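Heads up, the thing below is written out as structure tokens.
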Amino acid sequence: MNVGLQHYLIVSGLLFSIGLLGVVIRRNLIVIFMSLELMLNAANLSLVAFSRYNSNLDGQVMVFFTITVAAAEVAVGLALIVALYRKRQTAHVEDLTTLKF
Amino acid sequence: MDSLSFVILLPLLSALLILLVPGNYRVIVRAIAVLGSGLTAWIAASLFFRFQPGHEGFQFESILPWISVGKLSLAYHVGADGLNIGLILVTGLVGFASVLVSWNIDRNPKLFYILLLLMIGGALGAFASLDLLFFYFFNELALVPTFILIGVWGRGENKTVAAFKISLYLTLGALIALAGLLLLHVSTGAQTFDVIALKTLLAGKPLSVTLQNWIFPLLLFGFGTLVGLFPFHSWAAEGYAAAPTAAAMMHSGILKKAGLYALLRVALPFLPDGAAHWLPVLAWLCLGNLLHCGWVALCQKDLNLLIGNSSLAHMGFAFLGIASLSVIGITGTVIVMVAHALLAPLCFALSGYLESQSGTVDLTRLGGLLRRMPVFGTLMVMGFMAGCGLPGFANFAGEATVLFGSWKSLPWIVVAASWSGLILGAVYMLRALRSILYGEERKELTAVIDLGWWRRLPFALLIAALLLFGLAPSLLSRRIEPVAKEIVKAATNRSTPSRVAAVVVTP
Amino acid sequence: MNYSLIIVEITAVLIGLGVLMTDLWISPAARKGLGYAAAVAVGCLLAFATGSLAPQHGLGFRDSFVVDDLARFFKAFFLFGAIVVILMTVEFSSRIASGLSEFFALVIFALVGMLFAASANDLVLLFVSLELITVTFYILTSFQRNRLASLEAGVKYLILGAVASAFMVFGIALIFGSANSTNFRVIAAHQTELATSPVFLLGLLLVLAGLGFKIAAFPFQAWAPDVYQGSPAPATAFLAVGSKAAGFVLLIRLLTQAVPQITAEWSRLLVVMSAATIIYGSLCAIPQRNLKRLMGYSSIANAGYLLLGIVAMSRSGSTAILFYLGGYFFTVLAAFTAMSALAEHIETDEIAGLAGLGRRSPFLAATLTLSLVSLAGIPPMVGFFGKVLLLRSVFESAPGRPDLYLLLGIAVIGVVISLYYYFGVIRSIYWGGSTPNLAPIRTSLGTKVALGTCIAGMVFLGIAPNGYLRIAETAIGGIDSAAGRLKSPALKKVSAHEAH
Amino acid sequence: MEHAAVLHAVESGSKIQDLAWMILVAPLVMAVGTTLFVPRDRTLAAVFNIGGVILSFCLSFVLFCVFGGGSAQCTPFEWLPIAGLDVHIGLHIDPLASLMLLVVTGVASLVMIYSIGYMHDDRSYPRFFASLSLFVFSMLGIVLADNFVMLFIFWELVGISSYLLIGFWYDRPAAADASKKAFLTNRIGDFGFMLGILMVWSALGTVDFAVAKAKLAENPALLGSMAGIAGLLIFMGAMGKSAQFPLHVWLPDAMEGPTPVSALIHAATMVAAGIYMLCRVFFLYTAAPGWPGPLSMLGDLSAATLISLVGAVTALLAALIAVQQNDIKRILAFSTLSQLGLMVMAVGLGAKAANPSAAMFHLVTHAFFKAMLFLGAGSVIHACHHEQDIWKMGGLKAKMPITFWTFLIGTAALAGLPPFSGFYSKDEIFALALETNPILFGVGVLVSVLTTFYMSRLVLVAFFGAARSESADHAHESPGSMKWPLVVLAIPSLMVAWLPLGPFLSESFDPAHPVHLGDIFFGPFNHNPIAAFFGFGAALFGFSLAYSLYWKAAKDPLPTQLGLLSKVMRNRFYFDEIYETIFISLHNLFSHIADWIDRWVISGLMVRGVSGLVNLSGRALRLVQTGNIQSYTFFFTVGVLLVVLLARK
Amino acid sequence: MPQFTDILFFGLAGLVLLFGLLTVANPFSRNPVTSAMFLVLTIVSLAGLYVLLHAFFLAAIQVLVYAGAVMVLFLFVIMLLDLKEEEHRRLKSGILAVGSLAVVAFVGILLTTLLKAKPTASAVAGRLVEGDTVKLGTLLFENWLLPFEILSVLLLVAMVGVILLTKKDLK
């Protein structure tokens, strides 16, 4: 059996799902962010894999963009957590349900 | 500017003018409203009498291109024929009267008159429009004013519920009708809303029977709801009971007629096969209006509910005329529309004045008012007698014509209609008169004051118009008959010979 | 590289930078003035962008950036929106603890994202500009960091936004993998064979999910009510107007330009989405007591109506979307401007707080009423004609697609329901509950101008829609012709490039 | 125009036309003028309205003299010109109409003059006269109408005038209720009338009398199977107005109105309108009988026969009831009912002989003497300070001689004693009955006996004997304005039948029939001695019976003698109660059911149900928005799944 | 040595998934720090996969930016806020089950799609392109300049935002 594109994609898909799982079940905001990073990384993996197997480096360039976006999101997200923590002393999603229904 | 557009714009411009007046200059606000609506009424009347009955087609017509994008072309297109000239006249009159009876509005009169004038302008626009989208546009213009008028100046505990109910019902009806209009508009291929263009188009290439059988009920029930077709009527009486007098007048008298007008203008002539299929249904439903609503009116203790239900019962005659699909019946329907457009406002104005004096419209708490209010009493007797179809008033002319027109095709429903009009109508109207005016004077009602000279004007206006059209209904019928003929001609020109389309086919 | 194509965007960035820089030198008191200056600057840019000096048509940056009528339409739209939002922010400034200038700058940077989105002809550019918009909105949403609701809204928006982004990136990856390009024109050229590729379809669906999130369409709508409620009013307004419109321009480009054949196959999906969005938004709005939250649900419902235009899959459908967005623009801005102006006088966002407004400020009451009326789709306001156009476009496409009739029925029901809750607000304004405080509310001249403009816009578009409709029609005509140019030399260049 | 074809060419056509229009319009002008311009001025109101009616009377007299027995149709003006339903307002003058004009305007003039005195103290004096004028106008409209719709219009106007006048004293609950009842009962009749008109119109294609008559004359079977139904439905109108069984219940109650009103409207003219109308549309009843499928068992029985039966029943029933009434006006009211029944019977019987003149003849004589009787009763009531119970009167003969003598003349006429007018007119009916239907003849004679009996009872109790109450004791003769009309009315009551009215009237139906002027006075005995002697004998028998029972009686001996029957008679055979339970309760029941449906099914179940459901689903659905980020992500994921699933084919 | 890279792939892929799983659902610890550590490991393993895919520059960036900068940021915030573990709050098993179910369903769809497809449809497949710095740089600044520049604005926005959100209240 030859490792090919499909394998990478499956890994990527699984990793994506693991990240998604984290977002759905973890309740610490920071861990949720980490899970989001996993999802984005999963996407990156498929981009790189496609890039490799389609002989098209554009995919790798896109990974740069994704990383940058992820960094920006994380930065803003963490800043938000800091602000929230100052206000509410929590980073727990269950404490963030004043807006509902 | 042509006078038909002027008559539409005048109330709207008056509303705009009032908008610019600071709210605390009440006299000026009132003056503008009275002048604006009075002038409107005057021009509407002059249009009516300038209208030349014998001529074919539309008069006072004017077109202003509005939208022409792609295949869509819409125009502000107004014109008058026998079908709407009477309605335009009564809209002017009732609008003027409704402004006049609003003398006791103390709370935020500025907003009140703006909304009222919007209603008047909208109604006039709806009747004058020959572009169906404009018709819809103008007709819906009254929706928000109705809601706010009922909410802010309405009466009774129930006013909020009533305001919502009337708004939702009317919107639902209007939207269903709009769906029908859009379907019609799209199906013709030419993608126009212009009545005349649609007419030529459909005369040459009628829609398929299936399509017609779909569009017609949309229009029938959509517009029917606006009129209070049984069983979509429960908004009406309740809404009118809660509305301030002027709004109840405008709505029950004028805006309700827009649905009937549209049925006559659009549904019948454009969808002959649909009409063939659905008019029997309408005939049965109008029984609901005639008998059910009549009976409901019979046991009302609240005068406004009584008038409201009676007005629904009267609508049964209009529907009956439509269902008969005969020249006489449709002429009668239009006469009924005009007559009822005067009658219902008259009744509500009377009830409004009564309430302003006695503080109640509960029939069990009134009595013996004729002694202190002879003029009011006389007017009330006249109005209510007109309501139970007394000859001399326009209602009789219309109702009798409808009966004549429908007798051949729908004899049993005519029997019901006669029962409703002659018996039920008389019973509840007389019951009301008996409890309000007759009997011994009540101690708690000795403070009432009769109508002063100026207060009589709106009543006199409406009664005079009712008498005019009652004594000389030919004023109306001469104008209406040619149109009625055209409608019947178009509506009987169907592709299937008879009612074969008994089963609704999915498109 | 034809840099002149992005001159508007560059200028916008410069204005944003300028605002940030200027802030360093001016006193805090002058920050409102900075806001006006920024508004004026964006105004000039708007004048330029709609004028003849701006790039008219063109394709650049490896075909990833397109300037056509649609792009120009939306650029004007976004620029105009930004101006009103900036003015609104000035009115709202008392509610923003610190960083007013930054708020202006961020609005402008979000605007930049929208400007790029309007021209995006490539999934990468789509992604990047959307991220610029979204990340900016994370910050704008949580801008009132002394209000827990604002922070909470920010966090929610951020996490859900990031999830959506992740799905979108994954989708883009899949599309990139199966089409070997991210360019819309290339995809459009190969859509017949791509339509058979499950990976491509999955990728497209994931991108659709991401865009669905932006426009708050069911089932990706969950964030909207919370975020609308928590955000500062100007941010909400911009979110409702700008972000949603950006989502729609991208949807139009992607679904009707890049993959029209595939979209046609997805009729059922779109019908269900549209119907569910309308129903969900309308139903949930009924019991709402908070005006901003109500607007959140209303924005969901409106997304549903806008989707009707996509469902129609026709030129008139897209035109209707554009028209509707224009009306929605004025309407929502008017409502939120009024709410911003009220923020100082009425402590709460609750609808009940509006009680007595009809007497306290007839003008604000009227504005709010008119905008609600327009949202409800009642003439003479623009919302009416917009809905008519949308419904009409669906009717046009309905023959042969019976499920569209069902959708129309649902849309009608939705309108009726929406009337119920909008009128509930009007009710509060004019005769709601007890009104302990009847102090008149005065509004500043700036607000009056902004509100006046919005009302004029609503009414004008409602009663004289022809000119605007023509513009919208032209804008949509532009993409059709762009699709007709698919076999242009540029395409060959792309293919050649792949070999590199 | 169609009716132009049948318009009789009259030499003085245009003048006749103007005259007729003026007769019709004069009272209306006065009524409207009074209401609008002199609603307060008593004298002016009285002068105007009496003047108007007298003017009409004079013009009618001129018309009668000039035009004599000719007939004409005046140029109509269009009321509702629609193709197929050409309704116009036009006047139809023939002997029938000109005679009726005289009767109506004549009686009305006298009644109005009488009212000057009778109503002198009432505050609503102008309103009274205006209403009376309005009535006269409406009544003249009926008389002159040349088509069904116009007839119906004035028919309704008469109804409303009657309503206004019965309820004249609106603050008396009894009067208010009576006016309502009268109007509604009439409306039931009108309901049938309207349907009848519709049927005739749809069969004949016209509403014009002349055209319809001509068409039917051409083809008597034109009405086809609907002939019977249409005839009966039209008759329903007459049933309402002329208070025929079973719609008779309103008339006694209508006595709550002022007495002059009772005299004019509910004795002389309006109630006779039904008879007049039947004569006017007599051509319908002479047409070939026919019944639709379900009623085919009626076979050759014509509508006219049924009508005569209804008349006979009414006559008998009312006479029986009258025997046990004590209110002077009610006795007269039931007597009116009874006489109307006779007239209706006569119309029905006349159909076979194709001549309704007997009914018309009796109508005319009855109008005069019954009006006089009512006015006399009014005079008595006026004198006794509004006491109406005959058992509280007595001995009035001496105190009010003029009233007494005129009343006596009226009684004699009503009882049918020769040579008073009633004898001749009644005799024609008896003769007709004897010729066509002996059973009904028997009924007629029985009614005649009863009539004489209760009238004698009235006279004996009220005018003879001793005064039984204070008010009767202090009674004195009424003022001149009330006296003189009585005297004037006494003349036609006595003599009107000496004129050749019957033959004159029959001319309009059978112009070939010769007029025997000399025959008139002793005519009956020559012409049909059996009928005449029976009539005469019945009167005598009735009187002797009454004399034996009531001469100087202090109280009514009959209740003890008749027992239960008397009670039933006194209570008018419980018709009101029966109607109360059947008709009114049924409608109330329907009304409450409809209201219940409206409230609970339509408003409640449907509207509130739907709105509640929507509301509830909104409330339920929003619970999805838990506010929890994780559930939102979860929904997002599910959403993606959903989208993918939906996108699959 | 195709065989060797295959083994390497499976090893690295296994590690990526394992560490990923441990990041989000560590049965032994729900401490964010632990999660962060496993995230670092996931990222480093991913970098290994990148190397296998001849994306050398990316692999380096992955380690530098992610494992270096981003993770430090995470840890910094964790430490700054002294976040407690969430272990004293019990996991709601219902949420867990339903959430996992949804994710599993998603995985199902994803995998069936990927397995069904032949994603190597491209004509030029197989031709190796090295992800070296020069080529990437050229691509980035020639073809993808516009997104790159937009991202610079994005970073600026993030910067402004972070400063605004975290600064102490100053009026």
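Residue numbers (this note's numbering), protein chains in the order written: chain F, 2 to 102; chain U, 50 to 556; chain C, 2 to 501; chain G, 11 to 659; chain R, 350 to 520. Here a beta-carbon is modelled for each residue, glycine too, at the ideal position from N, C-alpha and C. All of these numbers come straight from a predicted model, not from anything done at the bench.
For residue i versus residue j, is the C-beta distance shorter than 7 Å?
i	j	result
residue 206 of chain C	residue 657 of chain G	yes
residue 224 of chain U	residue 383 of chain C	no
residue 281 of chain C	residue 219 of chain C	yes
Mind pulling the chain C residues with CB within less than 7 Å of residue i?
i	result
residue 499 of chain R	117, 129, 130, 133
Quick one: using the 10 Å Cβ neighbour count with 16 as the cut-off for buried, is residue i buried or exposed?
i	result
residue 623 of chain G	exposed
residue 22 of chain C	exposed
residue 4 of chain C	exposed
residue 145 of chain C	buried
Give every residue of the same chain whose Cβ lies closer than 8 Å to the Cβ of residue i, excluding the five residues on either side of it in the sequence, and list them in chain order.
i	result
residue 252 of chain G	281, 282, 283, 284, 285, 350, 353, 354
residue 179 of chain U	107, 110, 126, 127, 128, 243, 244, 245
residue 704 of chain G	No answer is possible for residue 704 of chain G: it lies beyond the span of chain G, which begins at 11 and ends at 659.
Please list, in chain order, the chain G residues whose beta carbon lies closer than 9 Å to that of residue i.
i	result
residue 480 of chain R	Per Cβ cutoff of 9 Å: no residues; residue 480 of chain R is ~30 Å from chain G at best.
For residue i and residue j, what's the separation of their Cα atoms in angstroms?
i	j	result
residue 99 of chain G	residue 504 of chain U	34 Å
residue 114 of chain C	residue 130 of chain C	5 Å
residue 492 of chain R	residue 63 of chain C	6 Å
residue 379 of chain G	residue 421 of chain G	8 Å
residue 460 of chain G	residue 373 of chain G	19 Å
residue 76 of chain G	residue 241 of chain G	34 Å
residue 19 of chain G	residue 156 of chain G	Low per-residue confidence applies at residue 19 of chain G: pLDDT is 41, beneath 50, and the placement is therefore not dependable, though the value from the model is reported in the following sentence. Using only the alpha carbons, I get a separation of about 16 Å.
residue 456 of chain C	residue 331 of chain C	7 Å
residue 528 of chain U	residue 102 of chain U	5 Å
residue 2 of chain G	residue 148 of chain G	Only positions 11 to 659 of chain G appear in the structure, and residue 2 of chain G is not among them; the question remains open.
Could you work out which residues of chain U lie near residue i, taking near to mean beta carbons separated by less than 8 Å?
i	result
residue 385 of chain C	186, 189
Can you name, in chain order, every residue of its own chain whose Cβ lies under 6 Å from the Cβ of residue i, other than the five neighbours on each side?
i	result
residue 586 of chain G	259
residue 557 of chain U	With chain U represented from 50 up to 556, any question about residue 557 of chain U goes unanswered, as that position is not in the structure.
residue 352 of chain C	290, 292, 426, 429
Please list the partners that residue i has in chain G, where partner means a Cβ-to-Cβ separation under 7 Å.
i	result
residue 273 of chain C	656
CB of residue i to nearest heavy atom of the ligand NAD: below 6 Å?
i	result
residue 101 of chain F	Among the ligands in the structure shown, none appear at all, so the ligand NAD cannot be discussed.
What residues of chain R sit near residue i, judged by a beta carbon separation below 9 Å?
i	result
residue 214 of chain C	Those do not exist, as residue 214 of chain C stays about 16 Å from chain R at its closest Cβ, beyond 9 Å.
Closer than 9 Å by beta-carbon distance: list the chain F residues that pair up with residue i, in chain order.
i	result
residue 154 of chain C	100
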